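Working notes, beginning with the structure itself.
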Amino acid sequence: MHIPPLKILAAAAACLLAAACTGGVPPSSDDNDSRSLKYLIEEPEDAEALKALKEDIAGFEKKSGIDVKVTTLPFDNMRTVLQTQLRSGEGPDVFSWGSGPSFGGALVKAGLVQDLTAAYDKYGWKTFDFAKERVTYDGKVYGIPGELETIGLFYNKKIFADLGLAQPRNLADLKKAAEKIRAAGKVPMAVGDKEAWEGGHLLSMALSSTIGGDGMEALFSGEKSWDSPEVTAALQLWADFNKAGYLPKSPTSVDYDTSTAMFFSGEAAMIPTGSWLVGEIDDQAKFEVGYIPFPAPDGPGIFTGGLGSGPWISATASNKEAAEKLLDFLQSEEHGRWTVENLHTIPPRPMDTADLDVSPLLTQVLKDTAKVGAGGDFGHNIDVMVSDTLSEAMYDGVQAVLTGQQSAEEVAASLKAAAEQ
1 MHIPPLKILA
11 AAAACLLAAA
21 CTGGVPPSSD
31 DNDSRSLKYL
41 IEEPEDAEAL
51 KALKEDIAGF
61 EKKSGIDVKV
71 TTLPFDNMRT
81 VLQTQLRSGE
91 GPDVFSWGSG
101 PSFGGALVKA
111 GLVQDLTAAY
121 DKYGWKTFDF
131 AKERVTYDGK
141 VYGIPGELET
151 IGLFYNKKIF
161 ADLGLAQPRN
171 LADLKKAAEK
181 IRAAGKVPMA
191 VGDKEAWEGG
201 HLLSMALSST
211 IGGDGMEALF
221 SGEKSWDSPE
231 VTAALQLWAD
241 FNKAGYLPKS
251 PTSVDYDTST
261 AMFFSGEAAM
271 IPTGSWLVGE
281 IDDQAKFEVG
291 YIPFPAPDGP
301 GIFTGGLGSG
311 PWISATASNK
321 EAAEKLLDFL
331 QSEEHGRWTV
341 ENLHTIPPRP
351 MDTADLDVSP
361 LLTQVLKDTA
371 KVGAGGDFGH
381 NIDVMVSDTL
391 SEAMYDGVQA
401 VLTGQQSAEE
411 VAASLKAAAE
421 Q
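First residue of the sequence shown? That's 1 in my numbering, and the numbers climb one at a time after it.
Next comes the structure, spelled out in structure tokens:
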């Protein structure tokens, strides 16, 4: 599942923080005999995925005696109504939501979720350290990290073989490949930035590969400025790629679904996006696909890492113990293996993947992601790590450099100004 646009988040995050200043949530129910839980998740793009999840949870219900009512909401709706539901005491007991300051972090500040620090010790939940940090605030752990995701570059191995191209090992290789692909009458990279969040991924992957994980952390901490030469160069790279004809015509008019369709049809040879696309590739691509980090100027680069949505417990959950048992099931290796094979998602915990029934591409992604999770160098998806103000400036800025309305230097200056607000 692709990461949805975050341009709608600023107002909702502000509402969450404002709510924290207007009093607490209603007290939790004392009805500890309740054996029924309401579990809210983001609406999957594939209806079959929801059906499969409900069937898997049915096994937990049978073993535990706990009834789980699974409901869904579209992402946009969930963001705007979730805090209202949680504050009313009528919302879900357990819900799936993102980590990071603008997601779970805002709910923590508003006092809308349970502290799970003791539950981690009680149940022995294991996650990769960096993933656990994303749901930790002021030394307390509040959620289970969602599936691991990486952002990189998928490429059509048949097109590359037909044109005598090898896997790009650095930025120069990527440019040479793009030139040859364009000359052959195909689109080198299926880039769409109509929804604007895609541009955040473009900047994140190019910048992460250039300055590394430590460099990205320096940007987030303020040690490095957002108008640094590296940021400007990463913005300029995409402007140059567009001018050179490496992207579709008018990429800011191309939406995400159209860009993926261009790749699946063979019209485009590469697509820079995330590991969530693997399931669709397995189902739709009629050719072998490779997946690499976005190349760096002087080497292969690094994957940009991130987390999808994971489970949290409402502060007003009707039965905290039952809710924790559901989380224990969702965090189990058994369920993790099931999600890999059935949903093509990657759990944020160490697990044995040797005998999983998955495609060669997903097998590769699992190995690469395990290296990231175990402490390998990885970049960051910028809009998950920064304020909504800075995210807005990034979305608008990448679109501006692609359309030629602003220079890379002007956009970098606007990022710096947004970071200082």
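Even glycine gets a Cβ: it sits at the ideal position worked out from N, Cα and C.
Note that the coordinates shown come from a computational prediction; the quantities given were computed from them, not determined experimentally.
S36 (DSSP reduced to helix, strand or coil): As a first step, residue 36 must be located in the sequence shown, where it is residue number 36. Correct three-state label for S36: strand.
Exposed unless 16 or more other CB atoms sit within 10 angstroms - verdict on N381: Position 381 of the sequence shown holds residue 381. That one is buried.
Buried or exposed by the 16-neighbour rule on C-beta atoms within 10 Å, applied to E420: Residue mapping note: residue 420 aligns to position 420 of the sequence shown, counting from 1. Result: exposed.
Beta-carbon spacing of K194, S253 below 8 angstroms: The residue labelled residue 194 in the question sits at position 194 within the sequence shown. The residue labelled residue 253 in the question sits at position 253 within the sequence shown. Going by C-beta atoms, K194 is nearer than 8 angstroms to S253.
With 16 other Cβ atoms within 10 Å as the buried cut-off, status of N156: Taking the sequence shown and counting its residues from 1, one reaches residue 156 at position 156. Burial call: buried.
Expected contact under 8 angstroms - CB spacing of I313 and L327 to nearest Å: Position 313 of the sequence shown, counted from the first residue, corresponds to residue 313. Position 327 of the sequence shown, counted from the first residue, corresponds to residue 327. Going by Cβ atoms, the distance from I313 to L327 rounds to 7 angstroms, so yes, they are a contact pair.
Close-in-space but distant-in-sequence residues of the same chain around A268 (CB under 6 angstroms, 5 per side omitted): Counting from 1 along the sequence shown, the entry for residue 268 is found at position 268. Excluding sequence neighbours, A268 sits near V187, A190, M262.
Opening and closing residue of the beta strand (DSSP E) in which Y155 lies: Residue mapping note: residue 155 aligns to position 155 of the sequence shown, counting from 1. Segment 148 to 156, the beta strand (DSSP E) holding Y155.
Beta carbon of V411 nearer than 8 angstroms to that of L361: Indexing the sequence shown from 1 puts residue 411 at position 411. Indexing the sequence shown from 1 puts residue 361 at position 361. Contact flag unset, no.
Inter-stretch contact at 8 angstroms, needing at least 3 Cβ pairs: the region 157 to 172 / the region 305 to 312: no
Buried versus exposed, by CB contacts within 10 Å (16 or more), T84: Sequence index remark: in the sequence shown, residue 84 carries index 84 (1-based). Flag for T84 reads exposed.
Unbroken alpha helix (DSSP H) run spanning M216, endpoints: For the purposes of this step, residue 216 is taken as residue 216 along the sequence shown, with counting starting at 1. Unbroken alpha helix (DSSP H) run through M216: 197 to 221.
C-beta atoms of D368 and T210 nearer than 8 angstroms: The residue you call residue 368 lines up with position 368 of the sequence shown. The residue you call residue 210 lines up with position 210 of the sequence shown. Against a cut-off of 8 angstroms, the Cβ pair of T210 and D368 comes out as no contact.
Assigned secondary structure, L73 (DSSP; H/G/I helix, E/B strand, else coil): Reading the sequence shown from its first residue, position 73 is the one you call residue 73. Reduced to three states, the DSSP call for L73 is strand.
Check whether M385 and F220 have beta carbons under 8 angstroms apart: Working through the sequence shown from its first residue, we reach residue 385 at position 385. Working through the sequence shown from its first residue, we reach residue 220 at position 220. Contact: yes.
Alpha helix (DSSP H) runs contained entirely in the region 319 to 375, provided each spans 4 or more residues: 320 to 331, 333 to 343, 360 to 373
Beta-carbon gap between E341 and D357 smaller than 8 angstroms: For the purposes of this step, residue 341 is taken as residue 341 along the sequence shown, with counting starting at 1. For the purposes of this step, residue 357 is taken as residue 357 along the sequence shown, with counting starting at 1. Taking 8 angstroms as the Cβ cut-off, E341 and D357 qualify as a contacting pair.
Length of the line joining the Cα atoms of S102 and D388: Along the sequence shown, one-based indexing puts residue 102 at 102. Along the sequence shown, one-based indexing puts residue 388 at 388. One C-alpha to the other measures close to 7 angstroms.
Contact set for R349: own chain, Cβ-Cβ below 7 angstroms, skip 5 residues either direction: For the purposes of this step, residue 349 is identified with residue 349 of the sequence shown, where counting begins at 1. Closer than 7 angstroms at the Cβ level, and outside the excluded window around R349, lie K126, T127, F128, G336.
Within 8 angstroms, strictly: CB atoms of V70 and L53: The residue you call residue 70 lines up with position 70 of the sequence shown. The residue you call residue 53 lines up with position 53 of the sequence shown. Taking 8 angstroms as the Cβ cut-off, V70 and L53 qualify as a contacting pair.
Status (buried if at least 16 other CB within 10 Å, exposed otherwise) for K38: Numbered from 1 along the sequence shown, position 38 holds the residue referred to as residue 38. With 16 or more Cβ atoms within 10 Å of its Cβ, K38 is classed as buried.
Cβ shell of F378 (< 6 angstroms), same chain only, five flanking positions each side left out: For the purposes of this step, residue 378 is identified with residue 378 of the sequence shown, where counting begins at 1. Closer than 6 angstroms at the Cβ level, and outside the excluded window around F378, lie G213, I302, F303, G305, V372.
Proximity of T345 and E147 at Cβ, strictly below 8 angstroms: Here residue 345 refers to the residue found at position 345 of the sequence shown. Here residue 147 refers to the residue found at position 147 of the sequence shown. Yes, they are a contact pair.
Among V398, E223, K325, nearest to L116 - alpha-carbon criterion: Counted from its first residue, the sequence shown places residue 116 at position 116. Of V398, E223, K325, the residue nearest in Cα terms is K325.
Simplified DSSP state of A412, which is helix, strand or coil: Indexing the sequence shown from 1 puts residue 412 at position 412. In this structure, A412 counts as helix in the three-state DSSP scheme.
Those runs of the alpha helix (DSSP H) which lie wholly inside the region 52 to 119 and span at least 4 residues: 75 to 88, 104 to 109
Assigned exposure category for D95 - 16 Cβ within 10 Å defines buried: On the sequence shown, residue 95 is found 95 positions in, with the first residue counted as 1. Here the sequence assigns Phe to residue 95, which means Asp is not the residue at that position. Buried: at least 16 other Cβ atoms inside 10 Å.
Beta-ladder partner(s) of T136, from DSSP: Position 136 of the sequence shown, counted from the start, is the residue given in the question as residue 136. BP columns for T136 point to V141.
Member of D298, M270, S265 whose CA lies at the smallest distance from the CA of D283: Walking along the sequence shown from the start, residue 283 turns up at place 283. The candidate whose alpha carbon is nearest that of D283 is S265.
For V289, the three-state DSSP class (helix, strand or coil): The residue you call residue 289 lines up with position 289 of the sequence shown. Of the three classes helix, strand and coil, the one that applies to V289 here is strand, per DSSP.
K140 and L163 closer than 8 angstroms at C-beta: Translated into positions along the sequence shown, residue 140 becomes position 140. Translated into positions along the sequence shown, residue 163 becomes position 163. No. Outside cutoff.
Cα-Cα separation, S250 to I271: Locating residue 250 in the sequence shown gives position 250, where the first residue counts as 1. Locating residue 271 in the sequence shown gives position 271, where the first residue counts as 1. Approximately 16 angstroms between the Cα atoms of the pair.
Extent of the continuous alpha helix (DSSP H) run through W238: Locating residue 238 in the sequence shown gives position 238, counting from the first residue. First-last of the alpha helix (DSSP H) with W238: 229 to 243.
N- and C-terminal bounds of the alpha helix (DSSP H) containing A178: Position 178 of the sequence shown, counted from the first residue, corresponds to residue 178. Per DSSP, A178 belongs to the alpha helix (DSSP H) from 171 to 183.
Where S36 falls, given that 16 or more other Cβ within 10 Å makes a residue buried: Stepping through the sequence shown from its first residue, residue 36 is reached at position 36. Exposed.
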